[in-house]
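S.K.: Sequence positions in the sequence shown follow our numbering and run 937 to 1110.
Quick reminder that beta carbons are idealized off the backbone N, C-alpha and C, glycines included.
In this text, all values refer to a predicted model and were calculated from it rather than measured experimentally.
One structure, pasted below without further comment.
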Amino acid sequence: MGRQAPRMRSARQAGPRVLRRIPKESAMPTVTTDPKVLAAKFNQTFNAHDEKTLSSLIAPNATFTAPGDIRLEGKEAVLAYTYGWLKAFPDAKINVTHEIVSGPWVVQEFIFEGTHTAPLTGPMGTIQATNHKVAGRSVSINRYENDLGVETRLYFDMVQLLSQLGLMPVPAKN
């Protein structure tokens, strides 16, 4: 004869099996520290040029995007990019002017300042030290999971930066 239909079970009988399929709460991404505090710690650590502590703030699966079609995946790639800026601008500082926090997201407008005294490698090659000071507005959109930075989207005016470095003519003012 034909196959028998599977026996139907009541919700009460099926309950424990269904509950086992729900992921444990500890496996769900969480942020136990306020993301605003985590972002402030990153900025303080960046300003102190503390590479060891910076490394402890980034997730192994972190992603990072920036102008120049920069798309990085993984902690080591993100840190290499960050360390490159710290080496090229040894007096680099981030000064946050505006901040919005929503859930695991922190959006910051900030002014990046520093003096370009060492080579900076970017999407168009290496820019040798110009010894020019730069100061420009930037925006970063950051997401945190398990108290670590997992995603950063950085935006800044590349023309302004290159002009301040003396590598492009300064745009005419109207």
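Decide if Ile-1047 is buried, meaning its Cβ has at least 16 other Cβ atoms within 10 Å, or exposed.
M.R.: Here residue 1047 refers to the residue found at position 111 of the sequence shown. The residue is exposed, with fewer than 16 neighbouring Cβ atoms inside 10 Å.
S.K.: Here's a check: name, in chain order, each residue in its chain whose Cβ is nearer than 7 Å to the Cβ of Phe-982, leaving out the five neighbours to either side.
M.R.: For the purposes of this step, residue 982 is taken as the residue at position 46 of the sequence shown. So the list reads Leu-990, Ile-1030, once near-sequence residues are dropped.
S.K.: Once the 5 residues before and after Thr-1051 are set aside, which same chain residues still bring their CB inside 6 Å of it?
M.R.: Taking the first residue of the sequence shown as position 1, residue 1051 is located at position 115. These residues qualify, in order along the chain: Asp-1027, Lys-1069.
S.K.: Does the beta-carbon distance from Ser-1076 to Gln-1044 come in below 9 Å?
M.R.: Within the sequence shown, residue 1076 is the residue found at index 140, counting from 1. Within the sequence shown, residue 1044 is the residue found at index 108, counting from 1. Going by C-beta atoms, Ser-1076 is nearer than 9 Å to Gln-1044.
S.K.: Return the CA-CA distance between Phe-1025 and Ala-1054, expressed in angstroms with no decimal places.
M.R.: The residue you call residue 1025 lines up with position 89 of the sequence shown. The residue you call residue 1054 lines up with position 118 of the sequence shown. One C-alpha to the other measures close to 7 Å.
S.K.: Should Ala-1002 go down as buried or exposed, given a rule of 16 or more other Cβ atoms within 10 Å for buried?
M.R.: Here residue 1002 refers to the residue found at position 66 when the sequence shown is read from its first residue. Ala-1002 should be labelled buried.
S.K.: Closest to Gln-1100 by CA distance: which of Asn-1110, Thr-1066, Asp-1083, Thr-1088 is it?
M.R.: The residue you call residue 1100 lines up with position 164 of the sequence shown. Per the Cα distances, Thr-1066.
S.K.: What residues in its chain sit with their C-beta under 7 Å from that of Leu-1098, if we drop five residues either side in the sequence?
M.R.: Translated into positions along the sequence shown, residue 1098 becomes position 162. Cβ neighbours of Leu-1098 beyond the five flanking positions: Met-1104.
S.K.: Suppose you measure from the CA of Asp-1083 to the CA of Ala-1071; what does that come to, to the nearest Å?
M.R.: Counted from its first residue, the sequence shown places residue 1083 at position 147. Counted from its first residue, the sequence shown places residue 1071 at position 135. Distance between Asp-1083 and Ala-1071, taken at the CA atoms: about 30 Å.
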